[in-house]
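Colleague: Handing you a structure now.
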Amino acid sequence: MSISDELDEYVPVPFHRPLCLMVKQPQKNTRKEAASTQSPSSSNFGSFIGDFPILSSMTCVLRKAERHQLSSLNTLFGTSERDRQYLDYSKAELVQFHVLTQYRYILDNTPFIKDLSGDIKNSLFQSAMLLLGSHPSNRRMYIRSNAYFDLDLSKIIAHLDTNKKVTPFKKQKEDLSVIGRELLEALQYTKTFVCPSAAEALRTNEDLTALILFAVIHSSQHIEQSTELMSSMTALKLVFKELHRYDNTYQRHASHWGQLVLLLSPLITAASKFGNYFSTAQMFFNGTIFARVQGDGHLDNCYVKDTEVQYRDDSD
């Protein structure tokens with residue numbers, strides 16, 4: 001069964017982005033700001049589709065993904081919570097898997113990408129997954145609306161210590177300290193550099209759509225090139241012309257798309273830091289979600305099964 005088929009089987013519920021990808025809503029009712037955050041209304045969406053075929057198609061894919069949340073948000077999980085609400089390693093893996101599944105669905109339905117062969121799409125997802133899934137408060141880093149890490153090394157180590165899948169190497173506190181510092185560094189960087197830029201740059205669904213397309217185009221440069229891939233990327237890059245027309249149509253300053261391109265830089269750095277963490281964790285733990293996807297670029301072998309994990313609070 002494909003990711004698309006699986007998503008269609010879930011009951012539609014509100015989708016919550018990581019904080020670094022939250023769309024900023026207008027704070028003032030000034031004419032200038034209203035124009036900068038304007039999106040096509042339902043009454044003129046038909047015209048929008050004709051004028052911006054790539055943006056409109058991707059926006060529809062994004063909205064469909066938003067209607068399918070893969071975990072219940074009835075319970076808050078975190079490294080300061082207790083008992084069933086404690087964010088242990090297995091719950092964190094489930095959250096990571098849900099994020100990857102959503103982005104795989106988006107990638108599989110991206111214009112020009114969706115018609116590529118399975119092997120090329122898997123390679124592209126391998127290249128893009130850390131960039132797409134680099135999760136962006138106080139001393140907490142929310143990786144989902146209902147799941148957070150405390151930016152505290154002792155609590156990061158306690159979280160890692162709940163991982164039951166260890167290699168033959170003895171799991172010692174000093175080992176977990178090394179891994180914990182890398183995870184903490186990645187979380188702190190994202191909170192400090194990615195979140196503020198994202199809050200300013202991501203104002204509409206079209207902004208998030210454009211950022212995802214930028215990430216896919218960037219990631220395509222780091223996998224084996226083929227005529228099929230290069231042809232698809234050439235067609236996908238037509239989105240840059242659509243963005244220029246979008247600026248003129250909705251009276252947005254052209255520099256706004258520059259903000260999105262600039263946002264890629266800290267996202268790439270954050271992805272690199274998370275990649276370092278997962279590489280180190282791979283040496284001590286018997287696999288990670290990202291390591292399993294990096295094996296073949298496919299999610300079918302990455303399902304996390306843990307009967308103790310409950311995302312819905314049934315205590316009521």
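Every letter in the sequence shown is one number past the one before it in the numbering used here, and letter 181, counting from 1, is 181. The beta carbon of each residue, even a glycine, is placed where N, CA and C say it ideally should be.
#1: Quick one: what does DSSP say E33 is sitting in, helix, strand or coil?
#2: Output the boundary residues of the alpha helix (DSSP H) element that contains A215.
#3: By the three-class DSSP mapping on this structure, what secondary structure does I113 have?
#4: Mind checking which residues open and close the alpha helix (DSSP H) that includes R245?
#5: By the DSSP assignment, the alpha helix (DSSP H) with R104 in it spans what residues?
#6: Using the beta-carbon count (16 or more within 10 Å), is K191 buried or exposed?
#7: Please state the DSSP three-state secondary structure of S43.
#8: How many Å lie between T321 and F97 at the Cα?
#9: Check whether the region 123–132 and the region 211–223 are in contact - that is, three or more C-beta pairs closer than 8 Å.
#10: Helix, strand or coil, according to DSSP, for A254 in the structure here?
#11: Could you give the first and the last residue of the continuous beta strand (DSSP E) run that contains I143?
#12: Count the other CB atoms, across all protein chains shown, that sit within 10 Å of the CB of L262; report buried if there are 16 or more and exposed otherwise.
#13: When you compare only the Cα positions, how much space is there between T101 and T204?
#14: Report the partner residues of A318 according to the DSSP bridge assignment.
#15: Do the region 225–239 and the region 105–124 make contact, defined as three or more Cβ pairs closer than 8 Å?
#16: At a cut of 8 Å, does the region 73–83 reach the region 268–287 through at least three beta carbon pairs?
#17: Where does the unbroken alpha helix (DSSP H) through T190 begin, and where does it stop?
#18: So, does the region 263–273 touch the region 201–215, judging by three or more C-beta pairs under 8 Å?
#19: I think L151 touches L187, with their Cβ atoms under 8 Å apart; what is that distance to the nearest whole Å?
#20: Give the secondary structure of F52 by DSSP, where H, G and I count as helix, E and B as strand, and everything else as coil.
#21: If we ignore side chains and look at the alpha-carbon of each, how far apart do R292 and S57 end up?
#22: Since L160 is in the alpha helix (DSSP H), which residue starts that stretch and which ends it?
Modeller: On the basis of the coordinates in this document:
#1: Its pLDDT being 42, under 50, E33 is placed unreliably by the model, and the measurement read from it follows with that caveat. Three-state result, E33: helix.
#2: 205–220
#3: Coil.
#4: 239–249
#5: 89–108
#6: Classification of K191: buried, given that the 10 Å Cβ count is 16 or more.
#7: Reliability fails at S43, whose pLDDT of 46 lies under 50, so the model's placement of it is uncertain and the value that follows must be treated cautiously. Three-state result, S43: helix.
#8: Since the displayed the chain opens at 1 and closes at 316, residue 321 lies outside it and no answer follows.
#9: yes
#10: In this structure, A254 counts as coil in the three-state DSSP scheme.
#11: I143: member of the beta strand (DSSP E) spanning 140–144, first to last residue.
#12: The C-beta of L262 has fewer than 16 other C-beta atoms within 10 Å across all chains shown, which makes the residue exposed.
#13: Across the structure, T101 and T204 are spaced so that their CA atoms are roughly 22 Å apart.
#14: The question about residue 318 has no answer, for the chain in this structure spans 1 to 316.
#15: yes
#16: no
#17: First-last for T190: undefined, no H or E at that position.
#18: yes
#19: Contact between L151 and L187 holds, since their C-beta atoms are separated by about 6 Å, short of 8 Å.
#20: coil
#21: 30 Å
#22: 153–160
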